[in-house]
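With full-length UniProt numbering applied, the sequence shown corresponds to residues 1 to 905, in that order. The beta-carbon is built from N, C-alpha and C at its ideal position, and this holds for glycine as well. All values reported here derive from a predicted model rather than from experimental measurement.
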Amino acid sequence: MKSGDSMENGRTQFPFPYQPYNIQEQFMHHLYSALDQGKVGIFESPTGTGKSLSLICGALSWLTDHEEKRRQEAAALLQEGEAALSTCNPQSSSSSSGSCSSAEPDWITDFVQKKAERDLVSKLKEEELKRKKREERLEMIRNNVQLKYAMKRKSCEDEEAFKLLQLSKEEQTETQGDQEDEELVVAEYESDDESKTRNRFCAAEDDTDDELVEEHAAKIYYCSRTHSQLAQFVHEVQKSPFGKDISVVTLGSRQNLCINEEVRRLGSIQRINDRCMEMQKNKHEKQNHEEGVKRKRGPAKSVCPYYKASALQQMRDDLLGTVHDIEQLLKLGRELHSCPYYSTRLAIPPAQLVVLPYQMLLHEATRKAAGVQLKGQVVIIDEAHNLSDTLSCIHSAELTGAQLCRAHSQLTQYAERYKSRLKAKNLMYIKQILFVIEGLVRVLGGKVGQNPQSQTTQTGTEMLTINNFLFKGQIDNINLFKLQRYFEKSMVSRKLGGFVEKYAGAGVSLHTQTSSNKENRRTEGLNRYLQTLQSNQSAAPVSSADQQGSTEAEKVLSASPMMQVEGFFMALTNSNTDGRVVVHRQGTLSESSVKFLLLNPAVHFAQVLKECRAVIIAGGTMQPVSDFKQELLFSAGVQEERITEFSCGHVIPPENILPLVLCSGPSGQELDFTFQNRDTPRMMDETGRILSNICNVVPGGVVCFFPSYEYSRRIISHWEASGALTRLANKKKIFQEPKKANQVEQVLSEFSRCIQRCAADGGGLTGALLFSVVGGKMSEGINFSDDLGRCVVMVGMPYPNIKSPELQEKMSYLDKHLPHSGGRSPGQALIENLCMKAVNQSIGRAIRHRGDYSSMVLCDRRYSRPATLAKLPKWIQDRTSTHSTFGPAFAALRKFFLEKKQKQM
1 MKSGDSMENG RTQFPFPYQP YNIQEQFMHH LYSALDQGKV GIFESPTGTG KSLSLICGAL
61 SWLTDHEEKR RQEAAALLQE GEAALSTCNP QSSSSSSGSC SSAEPDWITD FVQKKAERDL
121 VSKLKEEELK RKKREERLEM IRNNVQLKYA MKRKSCEDEE AFKLLQLSKE EQTETQGDQE
181 DEELVVAEYE SDDESKTRNR FCAAEDDTDD ELVEEHAAKI YYCSRTHSQL AQFVHEVQKS
241 PFGKDISVVT LGSRQNLCIN EEVRRLGSIQ RINDRCMEMQ KNKHEKQNHE EGVKRKRGPA
301 KSVCPYYKAS ALQQMRDDLL GTVHDIEQLL KLGRELHSCP YYSTRLAIPP AQLVVLPYQM
361 LLHEATRKAA GVQLKGQVVI IDEAHNLSDT LSCIHSAELT GAQLCRAHSQ LTQYAERYKS
421 RLKAKNLMYI KQILFVIEGL VRVLGGKVGQ NPQSQTTQTG TEMLTINNFL FKGQIDNINL
481 FKLQRYFEKS MVSRKLGGFV EKYAGAGVSL HTQTSSNKEN RRTEGLNRYL QTLQSNQSAA
541 PVSSADQQGS TEAEKVLSAS PMMQVEGFFM ALTNSNTDGR VVVHRQGTLS ESSVKFLLLN
601 PAVHFAQVLK ECRAVIIAGG TMQPVSDFKQ ELLFSAGVQE ERITEFSCGH VIPPENILPL
661 VLCSGPSGQE LDFTFQNRDT PRMMDETGRI LSNICNVVPG GVVCFFPSYE YSRRIISHWE
721 ASGALTRLAN KKKIFQEPKK ANQVEQVLSE FSRCIQRCAA DGGGLTGALL FSVVGGKMSE
781 GINFSDDLGR CVVMVGMPYP NIKSPELQEK MSYLDKHLPH SGGRSPGQAL IENLCMKAVN
841 QSIGRAIRHR GDYSSMVLCD RRYSRPATLA KLPKWIQDRT STHSTFGPAF AALRKFFLEK
901 KQKQM
């Protein structure tokens, strides 16, 4: 499958696994030209229209053409340069020198010019050589089976060594005394020795194969929200015509990619990261002074057996040779005894397609740490309907009173224990950190050194600019930038985490001490530790899910609170006028929190837009686009002419959907689910009647979305009392969206099994009814295709909570900084858009492929407003009918399903 179709500007044909739909061809053409011209493209293609494959085939066709073009240009330049060098002969220069009377002899200018040409030629030759080496190597990896066998034999020998190492690890000796905590004490803070050792070991790794750790090849970065979406995308790549000859790398966090069981067991991402870094540090220390070192205490000094240069190199080669998803990566890592996390990072420079989660691409520090370079590359952001929220979330940070008190207590104990071994500069910075934490606790209305749970605070929420916040905490005289740098360089959070992990229950309390008596304090830690053991045992009969929840909470608590504090500092120092701090007092100090809020996500997106050659923002529903452009693109300095838009309809025949807007119910009650009206018994009863009617005529599954968890709870308990729920249960088995994410799968599979059973039995039950919440676990990324979702009902309009101070601040910020349009303020527009985005996400779940059919019932007269209808996706909007009375709407619904039934006969 070589792409020689048409090499001029654009392409007539795209390799595709089957005959593409018309809209897929249009999509690929638009995508190709957007990439070619270096645009910022907003691409909307409804779910079920094969968006992923269009993205893959369009973008990778462009990439192969682009590489070919670059290769040809380089070859032409090389030819030109060599020709120029060979035509210049010494006679000509000497003959012309007589006629020239410039200050510089002609042979010098000639020599300089020649040198430049020679340099260019040798540079081009060198690049060509590197590229050839790279390609030959890839070919070899893909084809050379003998090489693999040789490698396999070597890995068997390694396995022996690996087992021996595991054994020897269990027999480590321990030395007590003052020397033992060396790894926990902050190194002298002046020199950058931390970064020096890091550079030293990076260099050692790179020397192994100098030509191969080359500059980054032209590539496409594809990112999406969840790991499951990324896995789906990788499977599509495997099925595509490019599956065999493209090198793809999937990146993930250590939590997803680590295969060292001892480290994985730590659970929280913070602790996994810490332990991994610590093991590497041990490895490099071990290399630096191999002999004559006393073994230090305990497991802290263990090194990771999966982090070996040769194994990493081999795994990197395997990755580039064939496409792997995360599951396959883990399997390969275990086979090769090689760390998937580091192998994937090594594979970034030569890879052509890098698949990664949002966080890694959009957060600058994470991007740098992962070795992702965007200069001149292409970025595709998929599922981007919530891009601005995602950017705000990634760059926000929150700290509770409990975390602050715990961080203060731990750092105080740390400084106390090692005060004789810490240098003056370190003690100074540690004092400053403690002082700032005290200030933060003061803002919340509490004191450090007392139990945060027993300290009461006045409830209330206030919003402060960063400067006012610093004044209020009386910490405006501290240089936070210097403190932030100290956090980074000294790794004090990590060391504090290690200290607490090592001494928890041995006189160091995880929490705040309340007594000052030293003897008491010694035993208090132990007592508390024993108490936690007891409380854990007594809570045995709790259901496993709840237990999981409580262990999760325990893990969050034990994860180093100082890391959270460091994150908060980072957010504060990263931002300027676009940041606010929300101070949230909740009655007790431990529940209260300070939260950093980013009001203008465009600041952080601007970097990506500036560095990349082209950025493609894709999603199933990107409506309303105008506000998206205003908030993220224009605010980031993108010019109108660089933006290109593409939106396509759906592949289903128009008669396969029936969107209805209901303005009143069966008994004539007007449907108006405003905050004032929605709790009245009249409205709740009418909603029950509507659902009951729908369940009578709709086969299979009905999914009903409520605007919030709270409202769904209230309305369902009202129906229970009135008997409406029993009536519904006679027609459809009832399911409810679970509160915990880990139960979603189970509920969904029971829901679908029930529908299949009912279809087969043909008894009294005609299917199932699922109560769900807009923006909850079921409204995104989950498909209700075919019989699972024959009707989607929206009860009311899911407006966000207008009373939330964060939303109010964001609205006033937008009102101040963005232009007003169409008689509405940008703040009002934000509220409308958040609501309609949520609606579009939820109703778009029902149609998943060409042969699917479904109805969508929007229950609220406010949906009939022209401005609101205009915010529905075009393919739904064109088919929507508004009904002021219930009768005609119900007749249309019944007719729709009767026709479908006859067709199937």
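- Simplified DSSP assignment, three categories, for R585: For this step, residue 585 is matched to residue 585 along the sequence shown. R585 falls in the strand class under three-state DSSP.
- Query: So what does Q736 bridge to, in DSSP terms?
  - Reply: As a working note, residue 736 is residue 736 in the sequence shown. In the DSSP output, where bridge partners are listed per residue, Q736 has F771.
- Sequence-distant residues of its chain with Cβ nearer than 8 Å to E236 (five each side left out): As a working mapping, residue 236 is identified with position 236 in the sequence shown. Closer than 8 Å at the Cβ level, and outside the excluded window around E236, lie S52, L53 and I56.
- Which whole-angstrom value is the C-beta distance of S61 and R11, which I expect to be below 8 Å? As a first step, residue 61 must be located in the sequence shown, where it is residue number 61. As a first step, residue 11 must be located in the sequence shown, where it is residue number 11. Rounded, the Cβ-Cβ distance is 6 Å, consistent with contact.
- Query: Which runs of the beta strand (DSSP E), 3 residues or longer, sit entirely within the segment 594-627?
  - Reply: 614-619
- Query: Between the segment 744-761 and the segment 813-826, do three or more beta carbon pairs fall short of 8 Å?
  - Reply: no
- Using three-state DSSP, classify I478 as helix, strand or coil. To locate residue 478, count along the sequence shown from 1; it is residue 478. DSSP places I478 in coil when its eight states are reduced to three.
- Would you mind giving the Cβ-Cβ distance between H584 and S590, rounded to the nearest angstrom? I have them listed as a contact below 8 Å. Residue 584 sits at position 584 when you count from the first residue of the sequence shown. Residue 590 sits at position 590 when you count from the first residue of the sequence shown. In fact, because the Cβ distance is near 12 Å, the residues do not count as touching under 8 Å.
- Going by Cα to Cα distance, which pick from P666, K810 and T885 is closest to I831? On the sequence shown, position 831 is the one that residue 831 refers to. The residue with the shortest Cα to Cα distance from I831 is K810.
- Over the uninterrupted beta strand (DSSP E) stretch that includes T726, give me the two end residues. Walking along the sequence shown from the start, residue 726 turns up at place 726. Looking at the DSSP string, T726 is not in any beta strand (DSSP E); the run it does join, the alpha helix (DSSP H), is A724 to K731.
- Query: For the putative contact between R894 and V697, defined by C-beta atoms under 8 Å, what is the C-beta separation to the nearest angstrom?
  - Reply: Against the sequence shown, residue 894 aligns to sequence position 894. Against the sequence shown, residue 697 aligns to sequence position 697. Contact flag correct, Cβ pair sits at about 5 Å.
- Pair within 8 Å by beta-carbon distance, I617 and L387: If you number the sequence shown from 1, residue 617 lands on position 617. If you number the sequence shown from 1, residue 387 lands on position 387. In this structure, L387 lies closer than 8 Å to I617 by Cβ.
- Residue ranges of each beta strand (DSSP E) run of no fewer than 3 residues wholly in the segment 384-437, ordered along the chain? 397-400
- Tell me G41's beta-bridge partners as DSSP assigns them. Stepping through the sequence shown from its first residue, residue 41 is reached at position 41. Its beta-bridge partners are I616 and T644.
- Count the other C-beta atoms from every protein chain shown that fall within 10 angstroms of the C-beta of L728, then say buried if there are 16 or more, exposed otherwise. In the sequence shown, residue 728 corresponds to position 728, counting from 1. L728 should be labelled buried.
- Task: Indicate the three-state DSSP secondary structure (helix, strand or coil) for L526 in the structure shown.
- Result: What you label residue 526 is simply residue 526 of the sequence shown in a count that begins at 1. Here the model assigns L526 a pLDDT of 45, short of 50, so the residue's position is not dependable, and the following value carries that caveat. Helix at L526.
- Message: Give me, in chain order, the residues of the same chain whose beta-carbon lies closer than 6 Å to that of D685; leave out the 5 immediate sequence neighbours on both sides.
- Response: Taking the first residue of the sequence shown as position 1, residue 685 is located at position 685. Answer for D685: no residue qualifies.
- Taking contact to mean at least 3 C-beta pairs separated by less than 8 Å, is the segment 365-375 in contact with the segment 237-247? no
- Contacting residues, own chain, Cβ-Cβ under 6 Å from F628 (five flanking each side not counted): Translated into the one-based positions of the sequence shown, residue 628 becomes position 628. Correct list: empty, nothing qualifies.
- alpha helix (DSSP H) segment containing E745, residue limits: As a first step, residue 745 must be located in the sequence shown, where it is residue number 745. Its alpha helix (DSSP H) spans residues V744 to D761.
- Can you tell me the Cα-Cα spacing of E552 and K132, whole angstroms? Your numbering for residue 552 matches position 552 in the sequence shown. Your numbering for residue 132 matches position 132 in the sequence shown. Below a pLDDT of 50, predicted positions are generally treated as unreliable, and E552, at 42, falls in that range; the measurement from the model is reported next regardless. The straight-line gap from Cα to Cα measures roughly 51 Å.
- When you compare each of L660, Q314, N467 and I348 to S338 by their alpha carbons, which one comes out closest? Numbered from 1 along the sequence shown, position 338 holds the residue referred to as residue 338. It is Q314 whose Cα lies nearest to the Cα of S338.
- Query: Closest to A768 by CA distance: which of M491, A759 and G776 is it?
  - Reply: As a first step, residue 768 is located in the sequence shown; it is residue number 768 there, counting from the start. Of the listed residues, the one whose Cα sits closest to A768 is A759.
- Item | Cβ distance (whole Å) where K283 is taken to contact Y306 below 8 Å | Indexing the sequence shown from 1 puts residue 283 at position 283. Indexing the sequence shown from 1 puts residue 306 at position 306. Actually they are not in contact, since the Cβ atoms of K283 and Y306 sit about 11 Å apart, beyond 8 Å.
- Per-residue burial, W875 [other beta carbons within 10 Å of its own, 16 or more giving buried]: Taking the sequence shown and counting its residues from 1, the one referred to as residue 875 is at position 875. With 16 or more other Cβ atoms within 10 Å, it is buried.
- Message: Would L251 pass as an interface residue toward chain E - the criterion being a Cβ-Cβ separation below 8 Å?
- Response: Among the protein chains of the structure shown there is no chain E, as only one such chain exists.
- Item | Own chain partners of P826 with C-beta closer than 6 Å, once the 5 adjacent residues on each side are dropped | Residue mapping note: residue 826 aligns to position 826 of the sequence shown, counting from 1. Excluding residues within five positions, the ones whose Cβ falls inside 6 Å are L814, D815 and L818.
- What's the gap between the Cα of L807 and the Cα of I246? For the purposes of this step, residue 807 is identified with residue 807 of the sequence shown, where counting begins at 1. For the purposes of this step, residue 246 is identified with residue 246 of the sequence shown, where counting begins at 1. Cα to Cα, the separation comes out at about 44 Å.
- Apart from the five residues on each side of it in sequence, which residues of its chain come closer than 6 Å, Cβ to Cβ, to V379? Looking up residue 379 in the sequence shown gives position 379. Closer than 6 Å at the Cβ level, and outside the excluded window around V379, lie Y221, C612 and V615.
- Task: Count the C-beta pairs between the segment 853-869 and the segment 660-668 that are closer than 8 Å, then say yes if the count reaches three, no if not.
- Result: yes
- Message: Looking only at its chain, what residues have a beta carbon closer than 7 Å to the beta carbon of residue 919, apart from the 5 residues adjacent to it on each side?
- Response: In the structure as shown, the chain starts at 1 and stops at 905, and residue 919 therefore has no counterpart that could be examined.
- Message: Assuming the contact rule is C-beta atoms closer than 8 Å, A636 and L609 should be a hit. Round their C-beta distance to whole Å, please.
- Response: Along the sequence shown, one-based indexing puts residue 636 at 636. Along the sequence shown, one-based indexing puts residue 609 at 609. With a Cβ gap of about 5 Å, A636 and L609 count as contacting.
- Task: To the nearest angstrom, report how far apart D110 and E82 are at their CA atoms.
- Result: Indexing the sequence shown from 1 puts residue 110 at position 110. Indexing the sequence shown from 1 puts residue 82 at position 82. Between D110 and E82, the C-alpha separation is close to 16 Å.
- Out of curiosity, what's the CA-to-CA distance linking P707 and F675? The residue you call residue 707 lines up with position 707 of the sequence shown. The residue you call residue 675 lines up with position 675 of the sequence shown. Taking the straight line joining both Cα atoms gives about 11 Å.
- Tell me whether P452 is buried or exposed, calling it buried when 16 or more other Cβ atoms sit within 10 Å of its Cβ. Along the sequence shown, read from residue 1 onward, the residue named residue 452 stands at position 452. Counting Cβ neighbours within 10 Å, P452 comes out buried, since at least 16 surround it.
- Message: Assuming V357 is part of the alpha helix (DSSP H), what are its boundary residues?
- Response: On the sequence shown, residue 357 is found 357 positions in, with the first residue counted as 1. Residue identity check: residue 357 is Pro in the sequence provided, not Val. Run containing P357: none in the alpha helix (DSSP H); it sits in the beta strand (DSSP E), L353 to P357.
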